[in-house]
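In UniProt numbering, the protein residues as written are 1 to 334.
Below is one structure; the comments refer to it alone.
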């Protein structure tokens, strides 16, 4: 697989992921939106656990080639990323609270939340304890009859942190693709000479497309559940799908210009992946705790929630079995 083929695969995956991510935006039912989020969460949870187990096995039973970073260092970097997100949230949320209070105290200030539409907002004057003064506060009126309370500033910040942590995760995945592109002269020719069946490569590509599609679904359902506007969701979804191809192209140029060695790049890549994994883990846990307050009134029983999670968790195994059967069938008929 040449450089153009790898980059084409990354771009195609991004386009298909955008199509998956638009599905929740077109969904009008809040219950269906919540169900999609639960299924996608179960799917990605199993995928993340499988990757975690694989990483642990690689560190416990290393091969002949030395690892760029030791397992203990990777664990410390993961914890550092987790703690960095924790401290950043505390620092940024306190600043956001002060800015939010100041903005809402202005007579014609814009809405503090991106989902507020002024065509559907009423204004209520409430006394704030200062004689002769009052503050105009927007009160959203949902046409769909949704009476869930809006997110607090800290909860909204958690959603933004989740969004950008996931975007950076896919950016780092694109960086891995750049490594593969620039390492063609050392690794790919031996694989090409083996004449690996095209059906197996297509199966791996399809599996990656589905994984990215589920990531896009979870991404947009999280933003929609947090009451972000459709325009805001589409904008962040665009950032998500463009991050991988952009990283692959830009970092390929950087590696070529500065003649970065493979060992140096692998070390930096492993360090950044460990840190961003910790950041993403904290952001995911924090945003789920925040959105749980909004999803608590959906009327869905715990049994149904567990059933949807189990359905999503079975997704990777069903998809893998289907790909293996399809590859075996194509190989037998070729």
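Idealized CB from N, CA, C, for every residue including glycine.
Does residue i pass the burial test, meaning 16 or more other C-beta atoms within 10 Å, or should it be called exposed?
i           : result
residue 161 : buried
residue 169 : buried
residue 227 : buried
residue 82  : buried
residue 43  : buried
residue 259 : exposed
residue 156 : buried
residue 324 : exposed
residue 322 : exposed
residue 231 : exposed
residue 331 : exposed
residue 308 : buried
residue 221 : buried
residue 31  : exposed
residue 223 : buried
residue 72  : exposed
residue 252 : buried
residue 50  : exposed
residue 29  : exposed
Tell me which same chain residues have a C-beta within less than 6 Å of the C-beta of residue i, skipping the five on either side of it?
i           : result
residue 286 : 158
residue 279 : 81, 85, 165
residue 329 : none
residue 27  : 33
In this structure, does DSSP put residue i in helix, strand or coil?
i           : result
residue 28  : coil
residue 229 : coil
residue 259 : coil
residue 70  : coil
residue 128 : In this prediction, residue 128 has a pLDDT of 42, which is less than 50 and means its spatial position is unreliable; what the coordinates show is noted afterwards. Coil, per DSSP.
Among the options, which one has its Cα closest to the Cα of residue i?
i           : options            : result
residue 46  : 237, 280, 317      : 317
residue 212 : 228, 225, 332, 245 : 245
residue 33  : 234, 269, 225, 176 : 225
residue 250 : 267, 176, 214      : 176
residue 302 : 24, 70, 38, 29     : 38
residue 311 : 87, 283, 253, 41   : 41
residue 11  : 35, 333, 174       : 174
residue 215 : 72, 272, 36, 89    : 36
residue 13  : 72, 208, 283, 231  : 208
residue 283 : 76, 90, 252        : 90
residue 171 : 75, 272, 257, 256  : 272
residue 268 : 23, 74, 87, 25     : 74
Taking 8 Å as the limit between beta carbons, can you name the residues of its chain near residue i, skipping five residues before and five after?
i           : result
residue 219 : 21, 163, 166, 236, 237, 240
residue 78  : 274, 275, 277, 278, 281
Check your understanding: Quick one: any contact between the segment 10-27 and the segment 239-252, if contact means 3 or more CB pairs under 8 Å?
Key -> Output reads yes: the segment 239-252 touches the segment 10-27.
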